[in-house]
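Working notes, beginning with the structure itself.
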Amino acid sequence: MSTLKVNVKRYTLIRNLVFAWLTAVILAGFLLNIPKINILEHTARNLYFHVPMWFTMMAAAFVSGYHSLKVLQTGDEIRDIRALQAARVGTFFGILGLTTGIVWSRFTWYVGTDVWWNFDPRQIMVTIQLLIYGGYFVLRSAFDEPKKRAKISAVFNLFAMTALPFLLYVIPRQMDSLHPGAEGNPAFSQITAPVMRLVFYPAIIGFIGLFWVLYTQRVRVAWLKYRVTQEAEM
Amino acid sequence: MKISLLHAIQDAANQALPDSTDGIVHTAYDSLWTGADIPTQTPSALEQVMLADDKIFVVLAVVMIIWIGIIILVMRTDKHLKSVERSVEENIPNQDDGL
């Protein structure tokens, strides 16, 4: 049995659960009362949507890296397609996270300044991380031979996965940043209202679930393409 | 000097409508369309809900419409996928799955 084959029944069940779960998260995110804070006001609710994008990207990087590791360990090159699809969906969530962060900061801390790109350490580091994934996708196109492509891009993908925690979490915390958790503090300060955690943690689970749904859907398409053409995707 | 479109719109709005003293910023949006009929009846139940809390429920309604649209899109794509998977299984003999 190929590692590309998806259990469609299980996929459909999880998909429906994820959709119901995230719908509840969105409703709770808008409807639950939160303390009003200057500058932030209602945008504090972005915590439920902007931050889970990064958790989701990290989860995607680990899924992708896991399959790349398996390619190298077992020589099961078909897993390379799973690594590719996870990296693609993860990068998609990363771009969403970057864009939502730009919009959020523009209309809160940077109101009246016309600053859309503020060179926040996190903003720079995640851009580098996204460029690393850009490099991964470009690198893949350099090989015609699927076995070679699978192995060499797996090595690069493991590097991308290893770099991610440092670029997203470790380095930005050592520098002055808009983000909580600068100066090495825990990211969640004690001023974050308890009611927000009630929505925030389920939101992380829900968006990682959404990643799984989108990624698995792409794997299904890739599997079909492979069955029809007998060629692995670039 | 940087000229942004948003600022140009804001300036035009400010010229047309001088700021009042009630603490609310007036723009073209708040009076451009109300010239015809100034509402006289009390807000309906639906309006009372939707206008509460700085009208955040209007945003919620918009987000939910988009979200449900995305759900329907993904589900329809899955349906298509299922039928294509079925016809591939029927028409292409099962080959060695390893690459």
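Going down the list, the protein sequences come from chains A and B. The opening position of the first sequence corresponds to residue 609 in my numbering, with each subsequent residue numbered one higher. The opening position of the second sequence corresponds to residue -16 in my numbering, with each subsequent residue numbered one higher. The beta-carbon is built from N, C-alpha and C at its ideal position, and this holds for glycine as well.
How many angstroms separate the CA atom of residue i from the CA atom of residue j?
i, j, result
"residue 770 of chain A", "residue 659 of chain A", "20 Å"
"residue 695 of chain A", "residue 743 of chain A", "12 Å"
"residue 738 of chain A", "residue 26 of chain B", "49 Å"
"residue 828 of chain A", "residue 610 of chain A", "12 Å"
"residue 774 of chain A", "residue 731 of chain A", "13 Å"
"residue 687 of chain A", "residue 825 of chain A", "15 Å"
"residue 644 of chain A", "residue 650 of chain A", "7 Å"
"residue 713 of chain A", "residue 70 of chain B", "49 Å"
"residue 706 of chain A", "residue 718 of chain A", "16 Å"
"residue 633 of chain A", "residue 75 of chain B", "42 Å"
"residue 823 of chain A", "residue -9 of chain B", "43 Å"
"residue 702 of chain A", "residue 692 of chain A", "15 Å"
"residue 49 of chain B", "residue 664 of chain A", "20 Å"
"residue 657 of chain A", "residue 763 of chain A", "32 Å"
"residue 747 of chain A", "residue 671 of chain A", "19 Å"
"residue 779 of chain A", "residue 736 of chain A", "12 Å"
Kindly say whether residue i, judged by its beta-carbon, lies nearer than 8 Å to any beta-carbon of chain A.
i, result
"residue 33 of chain B", "no"
"residue 62 of chain B", "no"
"residue 54 of chain B", "yes"
"residue 45 of chain B", "no"
"residue 81 of chain B", "For residue 81 of chain B, the predicted model reports a pLDDT of 47, less than 50, meaning its position is unreliable; a value from the coordinates is still stated below. With 8 Å as the cut-off, residue 81 of chain B counts as an interface residue toward chain A."
"residue 71 of chain B", "yes"
"residue 66 of chain B", "no"
"residue 39 of chain B", "yes"
"residue 75 of chain B", "yes"
"residue 27 of chain B", "no"
Compute the minimum distance between the beta carbon of residue i and the heavy atoms of the ligand HEM, and state whether it is under 7 Å.
i, result
"residue 781 of chain A", "Among the components modelled here there is no ligand, and therefore nothing to report on the ligand HEM."
Beta-carbon of residue i versus every beta-carbon of chain B: anything under 8 Å?
i, result
"residue 650 of chain A", "yes"
"residue 829 of chain A", "yes"
"residue 622 of chain A", "no"
"residue 746 of chain A", "no"
"residue 832 of chain A", "yes"
"residue 825 of chain A", "yes"
"residue 696 of chain A", "no"
"residue 821 of chain A", "yes"
"residue 631 of chain A", "yes"
"residue 642 of chain A", "no"
"residue 701 of chain A", "no"
"residue 711 of chain A", "no"
"residue 627 of chain A", "yes"
"residue 785 of chain A", "no"
"residue 767 of chain A", "no"
"residue 645 of chain A", "no"
"residue 835 of chain A", "yes"
"residue 740 of chain A", "no"
"residue 616 of chain A", "yes"
"residue 638 of chain A", "yes"
"residue 760 of chain A", "no"
"residue 816 of chain A", "no"
"residue 634 of chain A", "yes"
Go ahead and pull the three-state DSSP assignment for residue i.
i, result
"residue 53 of chain B", "helix"
"residue 788 of chain A", "coil"
"residue -16 of chain B", "For residue -16 of chain B, the pLDDT reaches just 48, beneath the cut-off of 50, and the residue's location in the model is therefore unreliable, leaving the point undetermined."
"residue 720 of chain A", "coil"
"residue 612 of chain A", "coil"
"residue 37 of chain B", "helix"
"residue 727 of chain A", "coil"
"residue 617 of chain A", "helix"
"residue 643 of chain A", "coil"
"residue 76 of chain B", "coil"
"residue 68 of chain B", "helix"
"residue 649 of chain A", "helix"
"residue 715 of chain A", "coil"
"residue 841 of chain A", "coil"
"residue 800 of chain A", "coil"
"residue 685 of chain A", "coil"
"residue 737 of chain A", "helix"
"residue 31 of chain B", "helix"
"residue 568 of chain A", "Since the first residue of chain A shown is 609 and the last is 842, residue 568 of chain A is not available in this structure."
"residue 632 of chain A", "helix"
"residue 825 of chain A", "helix"
"residue 751 of chain A", "coil"
"residue 26 of chain B", "coil"
Can you tell me where the alpha helix (DSSP H) with residue i in it begins and where it stops?
i, result
"residue 678 of chain A", "658 to 682"
"residue 755 of chain A", "754 to 773"
"residue 782 of chain A", "Run containing residue 782 of chain A: none; DSSP gives neither H nor E here."
Is the Cβ of residue i closer than 8 Å to any Cβ of chain E?
i, result
"residue 812 of chain A", "Annotation note: the requested chain E is absent from the structure, which comprises protein chains A and B."
Where the segment 715 to 738 of chain A meets chain B: residues whose CB sits under 9 Å from a CB there: The segment 715 to 738 of chain A vs chain B, Cβ under 9 Å: 722.
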